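Residue numbers (the numbering used here): 93 to 469. Positions of the beta carbon are idealized from the N, C-alpha and C atoms, including for glycine. Predicted model only: the values in this text are computed from it and were never measured. Down below is the structure, laid out as structure tokens.
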Amino acid sequence: MNKTFLILGGYGNAGRLIAELLLQETPVQLVLAGRNLEQAQRQAQLLNQKFNTHRVAGVYLDAADLASLKAAFAQVDLVVVASSTRNYVENIAQAALITGIDYLDLQLSSAHKIQVLETLRKDIEQAGLCFITEGGFHPGLLSTLIRYVAPEFDHLETAQLASLIQTNWQTLSFSPATLTEFVQEITEAKPMIFKEGDWIQLDWNSYQPFHFGNTFGQRHCVPLFMEELRELPQTIPSLKELGFFIAGFNWVTDYLILPLSLALLKFSPSVTPLVSSLFQWGLNTFSKPPYGVILMLIAQGQKDNKPITMQLQLLHWDAYLLTAAPVVACLLQYLEGTLPKSGLWYQSNVVDPKRMLSDIEGLGVRFEIRKMTDLGL
Ligand SMILES: NC(=O)c1ccc[n+]([C@@H]2O[C@H](COP(=O)([O-])OP(=O)(O)OC[C@H]3O[C@@H](n4cnc5c(N)ncnc54)[C@H](OP(=O)(O)O)[C@@H]3O)[C@@H](O)[C@H]2O)c1
93 MNKTFLILGG YGNAGRLIAE LLLQETPVQL VLAGRNLEQA QRQAQLLNQK FNTHRVAGVY
153 LDAADLASLK AAFAQVDLVV VASSTRNYVE NIAQAALITG IDYLDLQLSS AHKIQVLETL
213 RKDIEQAGLC FITEGGFHPG LLSTLIRYVA PEFDHLETAQ LASLIQTNWQ TLSFSPATLT
273 EFVQEITEAK PMIFKEGDWI QLDWNSYQPF HFGNTFGQRH CVPLFMEELR ELPQTIPSLK
333 ELGFFIAGFN WVTDYLILPL SLALLKFSPS VTPLVSSLFQ WGLNTFSKPP YGVILMLIAQ
393 GQKDNKPITM QLQLLHWDAY LLTAAPVVAC LLQYLEGTLP KSGLWYQSNV VDPKRMLSDI
453 EGLGVRFEIR KMTDLGL
């Protein structure tokens, strides 16, 4: 029988694209949920019309309300958490556990979320449920890229990931909860990389240059720790250096709004709404074309006693397609039954990397691989 997935945040930027790709690629039934019933139902109707189907429904659901989460989850097989609900991660995870459904979230790494899920790890295993955290592209694809390329090396020694998000923010609208979450994420971010056997904390001004091709050129990027990378040096013991770096948004946001915001937030967290508005203004006003999103890996090591370098690059003009495609590709593996039936996993580490990259390419993401000789480094 066809499965039913509930997408919390199903009419948000990420959620509605996940819904669309799921309808396109799978026979699942969908429930789009959020705190605006009208928007949920309108989006469901739009998708039913587009795909000439009755597979989509829209419902009211507030993640703050455990009882209604349990009632809604009792009707479905899996919840996709595409909502800005980091404050309610415990509610959502508990409701999934109590009603016996599987779980996939795409929220950014937060110590609180990981701690809540880790606390439930044993219960999840005992209940025979599959919980996947950190879906999307970052988090979501960082260690997948490294695991994809690792078999090409006898010794993979360095893996540097970098991302650039140059988006026309004016065309996007967000739930106020998403803007608050964005500010919380910035204050909690850690500039950590792995070097010579340890994760070490750097300064935010430890910039590293990356070249993002002719369109975007060279950009200075800052290190940003992602949980999915933490255990990778244990899986690939030859790794001496590993890190993820991210390019800034635009100079006003990076060099004026960001430091000012961090200073204000240190003074009092109650300024979060003001800081959210400042960021929104900076992103909307100063982000300029060309637009595009790139996630890249530069991997270096040895093959047959010779040094080799490989560069992998994922590219799309729409950050949300790059977010939704890996989630749907992961769910394709879930539906086929090739993922573990139970346990707590990071999307990036649980999927088959070859299949993941081939599927997201099929969903429209450009995927390029180059070897040292092509790079002209
Ligand atoms: N891993 C990745 O690569 C990646 C990339 C992009 C985004 N994300 C994450 O994905 C999430 C969504 O981002 P987005 O840009 O799609 O945001 P968005 O467009 O603002 O959508 C957020 C959705 O969450 C819903 N929501 C918020 N609070 C809720 C609550 N208490 N109960 C139920 N629904 C609630 C919102 O609806 P209402 O406000 O009407 O309830 C809305 O539908 C964020 O956590 C973001 O960090 C991850």
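When rounded, the separation of the alpha-carbon atoms in Pro283 and Leu407 is 24 Å. Between the region 259-275 and the region 167-183, the count of C-beta pairs closer than 8 Å reaches three or more; the two stretches touch. Lys162 and Leu424 have their C-alpha atoms spaced approximately 25 Å apart. Looking at the backbone, the Cα of Leu324 and that of Ser235 are separated by about 7 Å.
Looking at the DSSP output, Gln394 shares a beta bridge with His247 and Pro399.
Inter-residue distance for Glu280 and Asn144 is about 44 Å (C-alpha atoms, whole angstroms).
Using a cutoff of 7 Å, the CB of Phe223 does not count as near ligand 1, since none of the ligand's heavy atoms is closer than that.
Per the C-alpha coordinates, the member of Trp291, Cys222 and Pro231 positioned closest to Ala188 is Cys222. Thr364 sits buried, since 16 or more C-beta atoms from the chains shown fall within 10 Å of its C-beta.
Between the alpha carbons of Gln116 and Ile110 lies a distance of about 10 Å.
Its chain contains Asn105, Ala106 and Leu109 as the residues whose beta carbon lies nearer than 7 Å to that of Tyr412, once the 5 sequence neighbours on both sides are disregarded; these appear in chain order. With respect to the 8 Å criterion, Gln258 and Ser379 are classified as neighbours on the basis of their beta carbons. His146 and Leu100 have their C-alpha atoms roughly 19 Å apart. Taken from the Cβ of Asp410, every heavy atom of ligand 1 lies 7 Å or farther away.
Taking non-hydrogen atoms of ligand 1 into account, the C-beta of Pro365 is found less than 7 Å away from none of them.
Note: Val420 is not bridge-paired with any residue in the DSSP secondary-structure output.
The three-state reading of DSSP puts Gly335 in strand, counting E and B together. For Leu256, the closest of Leu138, Gly305 and Leu124 by C-alpha to C-alpha distance is Gly305. Going by beta carbons, Lys287 and Glu333 fall inside the 8 Å limit.
Asn342 is positioned such that its CB atom lies no closer than 8 Å to that of Gln262. According to DSSP, Gly102 shares a beta bridge with no other residue.
In the displayed model, Phe302 falls within a strand according to three-state DSSP. When only Cα atoms are considered, Ala339 and Ile390 end up about 15 Å apart. Leaving aside the five residues that flank Asp215 on each side, the residues in its chain whose CB is nearer than 8 Å to its CB run, in chain order, Leu189. Between Gln405 and Ile386, the C-beta gap is smaller than 8 Å, which places the two residues in contact.
Residues of the same chain with a CB within less than 6 Å of the CB of Pro119, apart from the 5 flanking positions on each side, are Asn94 in chain order. Counted as a single uninterrupted DSSP element, the stretch harbouring Thr430 is not any beta strand (DSSP E), since DSSP gives it neither H nor E. Distances between the C-beta of Gln131 and the heavy atoms of ligand 1 include at least one below 7 Å.
Annotated three-state conformation of Val123 is strand, per DSSP. Across the structure, Asp194 and Val171 are spaced so that their CA atoms are roughly 6 Å apart.
Taking a cut-off of 8 Å for Cβ pairs, the region 231-247 and the region 437-452 touch, as three or more such pairs fall below it. Where Arg458 is concerned, the enclosing beta strand (DSSP E) starts and stops at Arg458 to Lys463. Checking the DSSP bridge columns, you'll see Tyr195 partnered with Val171 and Phe223. With at least 16 other beta carbons inside 10 angstroms of its own, Ile328 counts as buried. Gln133 is the residue among Gln133, Lys142 and Ala242 whose C-alpha sits nearest the C-alpha of Val151. Within its own chain, the residues whose Cβ lies closer than 6 Å to the Cβ of Ile452, once the five positions on either side in sequence are excluded, are Ala417, Pro418 and Ala421, listed in chain order.
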